[in-house]
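**Q** Protein chains in written order, with my numbering: chain A, 30 to 362; chain B, 30 to 362; chain C, 30 to 362; chain D, 30 to 362; chain E, 30 to 362; chain F, 30 to 362. My structure is below; once you've seen it, I'll send some questions.
Number of protein chains: 6
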Amino acid sequence: MPRPITLFTGQWADLPLEEVARLAAGWGYDGLELACWGDHLDPWQAAEDDAYVQAKLDLLEKYNLQVFAISNHLKGQAVCDDPIDHRHQAIVGERVWGDGDAEGVRQRAAEEMKNTARLAAKLGVDTVIGFTGSAIWKYVAMFPPVGQDVIDAGYADFADRWNPILDVFDECGVRFAHEVHPSEIAYDYWTTVRTLEAIGHREAFGLNWDPSHMVWQQVDPVAFLYDFRDRIYHVDCKDTRMRIGNGRNGRLGSHLAWADGRRGWDFVSTGHGDVPWEDCFRMLNQIGYTGPISVEWEDAGMDRLIGAEEAIGFVRRLAVDAPDAAFDAAFSS
Amino acid sequence: MPRPITLFTGQWADLPLEEVARLAAGWGYDGLELACWGDHLDPWQAAEDDAYVQAKLDLLEKYNLQVFAISNHLKGQAVCDDPIDHRHQAIVGERVWGDGDAEGVRQRAAEEMKNTARLAAKLGVDTVIGFTGSAIWKYVAMFPPVGQDVIDAGYADFADRWNPILDVFDECGVRFAHEVHPSEIAYDYWTTVRTLEAIGHREAFGLNWDPSHMVWQQVDPVAFLYDFRDRIYHVDCKDTRMRIGNGRNGRLGSHLAWADGRRGWDFVSTGHGDVPWEDCFRMLNQIGYTGPISVEWEDAGMDRLIGAEEAIGFVRRLAVDAPDAAFDAAFSS
Amino acid sequence: MPRPITLFTGQWADLPLEEVARLAAGWGYDGLELACWGDHLDPWQAAEDDAYVQAKLDLLEKYNLQVFAISNHLKGQAVCDDPIDHRHQAIVGERVWGDGDAEGVRQRAAEEMKNTARLAAKLGVDTVIGFTGSAIWKYVAMFPPVGQDVIDAGYADFADRWNPILDVFDECGVRFAHEVHPSEIAYDYWTTVRTLEAIGHREAFGLNWDPSHMVWQQVDPVAFLYDFRDRIYHVDCKDTRMRIGNGRNGRLGSHLAWADGRRGWDFVSTGHGDVPWEDCFRMLNQIGYTGPISVEWEDAGMDRLIGAEEAIGFVRRLAVDAPDAAFDAAFSS
Amino acid sequence: MPRPITLFTGQWADLPLEEVARLAAGWGYDGLELACWGDHLDPWQAAEDDAYVQAKLDLLEKYNLQVFAISNHLKGQAVCDDPIDHRHQAIVGERVWGDGDAEGVRQRAAEEMKNTARLAAKLGVDTVIGFTGSAIWKYVAMFPPVGQDVIDAGYADFADRWNPILDVFDECGVRFAHEVHPSEIAYDYWTTVRTLEAIGHREAFGLNWDPSHMVWQQVDPVAFLYDFRDRIYHVDCKDTRMRIGNGRNGRLGSHLAWADGRRGWDFVSTGHGDVPWEDCFRMLNQIGYTGPISVEWEDAGMDRLIGAEEAIGFVRRLAVDAPDAAFDAAFSS
Amino acid sequence: MPRPITLFTGQWADLPLEEVARLAAGWGYDGLELACWGDHLDPWQAAEDDAYVQAKLDLLEKYNLQVFAISNHLKGQAVCDDPIDHRHQAIVGERVWGDGDAEGVRQRAAEEMKNTARLAAKLGVDTVIGFTGSAIWKYVAMFPPVGQDVIDAGYADFADRWNPILDVFDECGVRFAHEVHPSEIAYDYWTTVRTLEAIGHREAFGLNWDPSHMVWQQVDPVAFLYDFRDRIYHVDCKDTRMRIGNGRNGRLGSHLAWADGRRGWDFVSTGHGDVPWEDCFRMLNQIGYTGPISVEWEDAGMDRLIGAEEAIGFVRRLAVDAPDAAFDAAFSS
Amino acid sequence: MPRPITLFTGQWADLPLEEVARLAAGWGYDGLELACWGDHLDPWQAAEDDAYVQAKLDLLEKYNLQVFAISNHLKGQAVCDDPIDHRHQAIVGERVWGDGDAEGVRQRAAEEMKNTARLAAKLGVDTVIGFTGSAIWKYVAMFPPVGQDVIDAGYADFADRWNPILDVFDECGVRFAHEVHPSEIAYDYWTTVRTLEAIGHREAFGLNWDPSHMVWQQVDPVAFLYDFRDRIYHVDCKDTRMRIGNGRNGRLGSHLAWADGRRGWDFVSTGHGDVPWEDCFRMLNQIGYTGPISVEWEDAGMDRLIGAEEAIGFVRRLAVDAPDAAFDAAFSS
């Protein structure tokens, strides 16, 4: 069977889930990576209402779509973040935000992540994708000076906050797949190494491989797959296009909006950027990844109704199965 | 006269100023870029005690050292920063930190910057170097999503807080030279463009050009000199060595300590890195910069007593004066 | 409405205009960028015969083709050129060549450019594309030595010759779009800066952006669009493929014919070369360029009947409209 | 007539020739480059049985396939190789292997190459493709030290062994096209120069240009075509994808199997790699190569039934005929 | 104490050891890495004659030179090599060559390596540097096809032959430092990984890091140091200069002699090539390597009497000690 | 004997020759490459006055300076140039300029070149360096279109004008060394190939290799030496520093003055640019060039009195003699 290709619904949460399902099915997607925001999925409601979960499954079945993983980046972000501010208020929902007290937000976000694991289990899904947040991301510039003790404390804070959540994941038979991403505890290669150490390499914590955050940091996404091959729990396809090289556009984006051509890099529709997709898909075959490839469609310079359909064609064409036999076998047959 | 070369005392503030003066003079430096911390310079004390300033001048004269500019990065940082935290407490001094209330710290830092202008005038110096801090640097990752209104507000906050300070600079006939640097309101090319717009291109606000922060962002430091040629008020020489290219070391440094070879880049002694120094020095001649070149010595992998002496030799050799006549004049003579 | 795509008829002037119109319409082009040579357009005839202009419009209408701009590179070339020689004789037509006296040729070429503006107005078109010629291009090698006074005089000569032409453009409500190109007064970034200064940045004089001349000079065509965003009056799509890198093929072409693989670069059908088209089209959206994209088809190694059809497909696929909303709006909806 | 595109049957010799013919015809190939192994072609049988050759021609005709060249890499390899070992036993067939005595194997391999020339003549084909083997390839690392006398002797051994074979080629009016390839006497640019010298530049000995072996050695395949333009007797299309650049994958392949993503390079289906195909096809036009382009399909990471069909589409699209007239002719028409 | 710098005597074995000692001491070297050939060191003689060893130590003392490691590349090479041929005869000495029977040579070479460990112990040295040889290096081109079983057998052969040798090393308290090098069982990154696995990561087997063999294979020597940090037992400084990039010089050297400018790379005097020495020396500090840096001087285009003196100056200047404190400590002092 | 290093006096012709001799001798130069302008050398005077030549030789002897070659770029330039204009008037001298009639200038320039050969012979020198001029350089942009017949005619014009000059060279036993350079008949690799063909590869016409004109055109100066090894008659050392890469500085120099940092490249003092000097000097050894290395000092951003002394140190250090024996000879001694 060819590898299933899904659409992540996070960037479509302004539309009702049924509309997204209808579109995705029409474009040929095999399934959806459901986001826990908008009306797509609500872990709190699911915890209280079994019919809610069944209704979602029925909706997917109506459009002949599968679900292999669900995502809750927005609430995961709040688990470790510091500061907690207006940016979080805009994305975590009222139930988590509550009175906005930072520590309360973090704890309610942690509760939602536990509920997300429970929801996954009810949906028959073994993977939850998301972000972790980070207490030390804000120190990325290293000035004013930051001691290594502060960095160490940040990794410890992450472990302290996520271990109890991962205990619930273990109870549910579900794995968490962290997306390596600036703003998070693991945002590049060496922070991923350190993060896995911090959590004792426990199996409940793995990675959602999204190469779009690697290419502009010049982390090789292919080698990343090989080195962390036992922790690649999910694959998201988003692309990044570099616009570095004119001496003025910088790696850090200059606080410019997406799609501004003065940014040193930008997210673009899969296949329009600099991710070496074919090498990546071939390496996924090599490491034995058998899960879905999920298109996370983000491109502020392109109409998503055109782009999402084009993207599945691109992925379908390149993410081919490996052959059964080596070519040079023919020489001695 | 060849261009004067000075040593920035900021990274030597653990030593008494006299010891730094003795060392610098011994290595052949023409002067010092005095830091407003350690026992090197205290703007509050200078405001209250005229003899204090004279004593500093006497000390410099004793070692036959000149002063062209003074620096107050650490307190400038606190003027706009948000959050204000333990990192600031470690560097702003008790007078500015006070009870640690964030807004109070910012206002006391602003007061110190005004005093720094006054101190410069008393020293007979027309340039103060420093940082601005920033209310929006922390949003550099653009996730959780940040609206352009928030970015706009950050630039406005900068203008609101610095315009009154710059009024004092104008009164004193002194200019502020901001060092373009991550953590600050202007950290790359396009943020510098925007920052100068925010402040209405007023003459009191210019730049301390330090290329070490540009090379790892892939901003061309030579073109930067040309484009901002009317705002280059001071030059700091610090170098950065790139260690990108093995697929694992990332541009963002991985929260690793200075001198860790897994960082994608590192500060190194001038001449040991990837700054195109010769092109820079030639461009300084072209734009008519006549001020000092100041060695800001930072290299966590090298002994500073060896490095600072080597650095002045490197700069002296490359920062040559321009000739009087063009070579092809000889063809028709 | 999607952006219109036109075909420049200059390289098809050996064919009757009606044949070109039939072909272009058949391939799906939305219009033609009409050349003022061959039988396509004659500014002198148009000046004398109103029916001539109407007949051209009728012909276009018959094939359902629009016209947004007309071109007169060949005669514009003669306005400033020095020397005027057999190369000009072959391209300017008898009316301009006359007795071949150089200054006379220049002045008659200037007259034709004025007539071209008048013709544009009659056609209901607000843009004339072309070349300027240059009295100093021939000094590009800087040897035998050339003083800056000679260079200055060249820019002044350009202004003196073109200002009267541009006065007529202003009268007609038409703009001139100079194609930045070797042999011309503006052939790269800094000469464009200087040219616009020479002409006092008058609005009648803007640019026809054709990136094929930039990539082999290593001028970034995307940054060029941004920096001259208020002077981008028209867009021509021609591509250039680099063949540099074997240590023998040089940047200057070695006097070799087009399509010789030993040239360091060559013009090729749009999409077969090294122009970063997608970044360019996205930047055109950013700077608010709303005019046509015109395919200037040149490829000495490919059949034009195959290439011109392929090229419109390539451009149509990449030159997409910008979306209405940002993708991350969905996170907080 | 467009240039014919053939499929090399060497990597399909595990299938009966009729099955390969059926597949190739179905995908649109114009002909086959027949391999002298499997049941595809047997030079010994052809030498003894004229009906055998006719039956092959009939089979091709049945599927409307042409033959322009035949290949015998596997037996040519044994002519000069040293050592002769189990690797040769697996590929040379029983007739050549015999008792496995090395010198006997070499001489029987030479006999088969003579028969291959005779077979080509009977098939009406003027080109035989193959390998030469090499007595000195094994010294490629230059350690333990190897004197230039040993290298010289290797080239002489090649000439001594191949000149008698080429005499038969001359008698038959057939040319040998050596594929430049590691393991062979000529494996890169300078060894090709030296090999042609060794054989006195005799016309019977030319080259099968296969760029896949050049790109990972960083030999420019386009310049190679130009420099050896009078010896390009055949063209094989195989592609190579580089995976160098993460600091760990090496140029020499690390003894890893094909399709292992840790190899520094890998053979891939034509169009999936780093060969600059379009420049190559254009140069083939320039040097007047009029023979077939033959797809040698090798990709251990892709199903050959998908790949071989895709490959002919890729080649057909890019390997276009040159035009009749230059584009700039239109300017003066 | 600054890190000791030694000279490897292998390329000076045509001179009497005393002459080499006199030269090295004169140039300022701190010691010698003694080669087990020429008259420098003879493990067989040392095994039989205790006075022999003392005489060598006396000679070193006379010139105030230390010894930290001894080398026996030439005989180690023969332990696993296949074929054994005239190249080995020229370098292994009569005692090992004997009657030239391949298996006999291999076993006598193994005996010499055991004696070399014993000699090291007598000299008070804990490291023996050398090569391993390889039964599978000759298959590096992967054609004629080589199955993975053959590769596996090659690593097993290595382990079978070297484990008994390493047992003697363990008995003597001496470690073997294999130089990663083409022709050997470990010649790049991934073969080093596999080799260490084959030998069960036993402590007696480590690495002599010589970056000159890595740069032309595009293996990052800095990352190599970090990844194998617990197995870096010795450091040899040899440099390699790349001459790739003109489309004709290839990575494999074209069987051309050293110093021929058509080779794609060449060994050159330390500091004249493309090894990133400063990054390497800094990483040696980071991983805590405290041993000597040994100059292995090889440059076929330079006089060694000039080069060896220049090289120690280069190394001394760059291989500096790390500082005691971080520079940003000064900000809060 | 180490290779002699000379100073080209062309850029010092505003000074009396004796002053140049004094300076050069003081800096350690072994000789002078005398320019035929200023008061350094006058071929017309030499033709008429034997004492003139002896006086020059006496002057050189006084400063212990040798002469290996003389130069007459400025008059050679006028032999083929078209147009002849004010630029030539400024450099060819009154004798050649005369009434300024173009054809007359060309012929008188040709006469001076013949006299230059005669002068060389009188000085005991076998090489005259210079330029050829070109009738077709001005067509480098290929627009307005230029037919290949015009290009062909340009090469023929060169041959027609230079063959009679070269006849005189042959009579005198002197060779002409053309400096490959924009503005000349041969300005890059392929034009050099064509130029040598045009002149029938006659021995009297060879090359003055000056890599500064190659690097910015991306012609490999090392491969150039190898390919034209039988025509390298002289070596000039001038360096070029690239400033390409910021998207705005172009390859063609933008009509900007030397030393303007916006030029894409600039001439700089030897050792300050991008010429791979060490590879070049090693290749000079390989091809058996035994003549002088002559420093042509040009750097509009540096004082020549500092630069010329620094340059000889740079060249002396790198242009070393080749060794007598290969390093790996020691392994088997």
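Ideal Cβ positions, reconstructed from N, Cα and C, are used throughout, including at glycine.
Among L148(D), D71(D), Q315(D), which has the Cα closest to the Cα of G122(D)?
**A** Counting from one through the fourth sequence, the residue named residue 122(D) turns up at place 93. A check of alpha carbon separations from G122(D) across L148(D), D71(D), Q315(D) identifies D71(D) as the nearest.
**Q** May I ask you to list, following chain order, the residues of the segment 197-226 of chain F that have a beta carbon less than 8 Å from some beta carbon of chain I?
**A** Reference to chain I is not applicable here, since the protein chains of this structure are A, B, C, D, E and F.
**Q** In this structure, does DSSP put L148(B) in helix, strand or coil?
**A** Within the second sequence, numbered from 1, the residue matching residue 148(B) stands at position 119. L148(B): helix per DSSP, three-state reduction.
**Q** Would G153(D) be called buried (16 or more neighbouring beta carbons within 10 Å of its own) or exposed?
**A** In the fourth sequence, the residue the question calls residue 153(D) occupies position 124. G153(D) comes out exposed.
**Q** Report the partner residues of V244(D) according to the DSSP bridge assignment.
**A** Taking the fourth sequence and counting its residues from 1, one reaches residue 244(D) at position 215. Note: V244(D) sits in no beta bridge, so no partner.
**Q** On the premise that T35(F) lies in contact with H69(F), defined as a C-beta separation below 8 Å, what is that separation, rounded to the nearest angstrom?
**A** The count along the sixth sequence starts at 1 and reaches residue 69(F) at position 40. The count along the sixth sequence starts at 1 and reaches residue 35(F) at position 6. Not a contact, Cβ separation roughly 13 Å.
**Q** Please state whether DSSP places F187(B) in a helix, a strand or coil.
**A** Along the second sequence, one-based indexing puts residue 187(B) at 158. In this structure, F187(B) counts as helix in the three-state DSSP scheme.
**Q** Along the chain, where does the beta strand (DSSP E) that runs through G55(A) open and close?
**A** As a working mapping, residue 55(A) is identified with position 26 in the first sequence. It is not in any beta strand (DSSP E) - G55(A) instead sits in the alpha helix (DSSP H) that spans 46-56.
**Q** Taking 6 Å as the limit between beta carbons, can you name the residues of its chain near W245(B), skipping five residues before and five after?
**A** By 1-based counting over the second sequence, the position of residue 245(B) is 216. So the qualifying residues of the chain are T269, W294.
**Q** Show which residues of chain E have a CB atom less than 9 Å away from the CB atom of Q247(D).
**A** Sequence index remark: in the fourth sequence, residue 247(D) carries index 218 (1-based). Result: I273, G274, G276, N278, G279, R280, G293.
**Q** Could you tell me which chain F residues have their CB closer than 7 Å to the CB of H301(E), listed as they occur along the chain?
**A** Against the fifth sequence, residue 301(E) aligns to sequence position 272. Per Cβ cutoff of 7 Å: E307.
**Q** Check the Cβ-Cβ distances between Q315(D) and every residue of chain C, and say whether any is below 8 Å.
**A** The residue labelled residue 315(D) in the question sits at position 286 within the fourth sequence. Cβ-Cβ to chain C under 8 Å: yes for Q315(D).
**Q** Might you give, ordered along the chain, the residues of its own chain that have their beta carbon closer than 6 Å to the beta carbon of D239(F), omitting 5 neighbours on each side?
**A** Taking the first residue of the sixth sequence as 1, we reach residue 239(F) at position 210. So the list reads E208, D265, K267, once near-sequence residues are dropped.
**Q** Would DSSP call L89(B) helix, strand or coil?
**A** By 1-based counting over the second sequence, the position of residue 89(B) is 60. In the structure shown, L89(B) sits in a helix (DSSP, three-state: H, G or I).
**Q** Express the C-alpha separation of N101(E) and K143(E) in angstroms, rounding to a whole number.
**A** Position 114 of the fifth sequence, counting from 1, holds the residue named residue 143(E). Position 72 of the fifth sequence, counting from 1, holds the residue named residue 101(E). One C-alpha to the other measures close to 11 Å.
**Q** With a threshold of 8 Å between beta-carbons, can F360(B) be considered close to chain F, or not?
**A** Numbered from its first residue, the second sequence carries residue 360(B) at position 331. Taking Cβ atoms only, chain F reaches closer than 8 Å to F360(B), which makes this a yes.
**Q** Let me know if L86(A) comes out buried or exposed under the rule of 16 or more other beta-carbons within 10 Å of its beta-carbon.
**A** Counted from its first residue, the first sequence places residue 86(A) at position 57. Burial call: exposed.
**Q** Output yes if chain A places a C-beta closer than 8 Å to the C-beta of M331(B); else output no.
**A** As a first step, residue 331(B) is located in the second sequence; it is residue number 302 there, counting from the start. Cβ-Cβ to chain A under 8 Å: no for M331(B).
**Q** Verify the CB distance criterion: does L334(A) have a CB-CB separation below 8 Å to chain B?
**A** Your numbering for residue 334(A) matches position 305 in the first sequence. No, because no Cβ of chain B sits closer than 8 Å to the Cβ of L334(A).
**Q** On a Cα-Cα basis, can you pick out the residue from D259(F), E200(F), S241(F), F97(F) that is closest to I158(F)?
**A** Position 129 of the sixth sequence, counted from the start, is the residue given in the question as residue 158(F). When only C-alpha atoms are compared, the closest one is F97(F).
**Q** My understanding is that R32(F) touches I322(F), with C-beta atoms under 8 Å, so please give their C-beta distance in whole angstroms.
**A** What you label residue 32(F) is simply residue 3 of the sixth sequence in a count that begins at 1. What you label residue 322(F) is simply residue 293 of the sixth sequence in a count that begins at 1. Going by Cβ atoms, the distance from R32(F) to I322(F) rounds to 6 Å, so yes, they are a contact pair.
**Q** Measuring alpha carbon to alpha carbon, tell me which of R116(B), Y58(B), E141(B), M331(B) ends up nearest I180(A).
**A** On the first sequence, position 151 is the one that residue 180(A) refers to. Put simply, of R116(B), Y58(B), E141(B), M331(B) the residue whose alpha carbon is nearest the alpha carbon of I180(A) is R116(B).
**Q** Would DSSP call R137(F) helix, strand or coil?
**A** Here residue 137(F) corresponds to residue number 108 of the sixth sequence, with the count starting at 1. It is helical.
**Q** Using C-beta distances below 6 Å, list every residue in its chain close to L148(F), excluding the 5 sequence neighbours before and after it, in chain order.
**A** Along the sixth sequence, read from residue 1 onward, the residue named residue 148(F) stands at position 119. For L148(F), where only same-chain residues beyond five positions count, the Cβ hits under 6 Å are P72, A75.
**Q** Mind checking whether the beta-carbon of M142(B) lies closer than 7 Å to any heavy atom of the ligand COA?
**A** The model on display carries no ligand, and the ligand COA is accordingly not part of it.
**Q** Rounded C-beta distance between T220(C) and I228(C)? I'm assuming under 8 Å.
**A** Looking up residue 220(C) in the third sequence gives position 191. Looking up residue 228(C) in the third sequence gives position 199. Between I228(C) and T220(C) the Cβ distance is about 13 Å, and since that is not below 8 Å, they are no contact.
**Q** Would you say F187(B) and T156(B) are within 8 Å of each other, going by their C-beta atoms?
**A** In the second sequence, the residue the question calls residue 187(B) occupies position 158. In the second sequence, the residue the question calls residue 156(B) occupies position 127. No, Cβ-Cβ distance for F187(B) and T156(B) is not below 8 Å.
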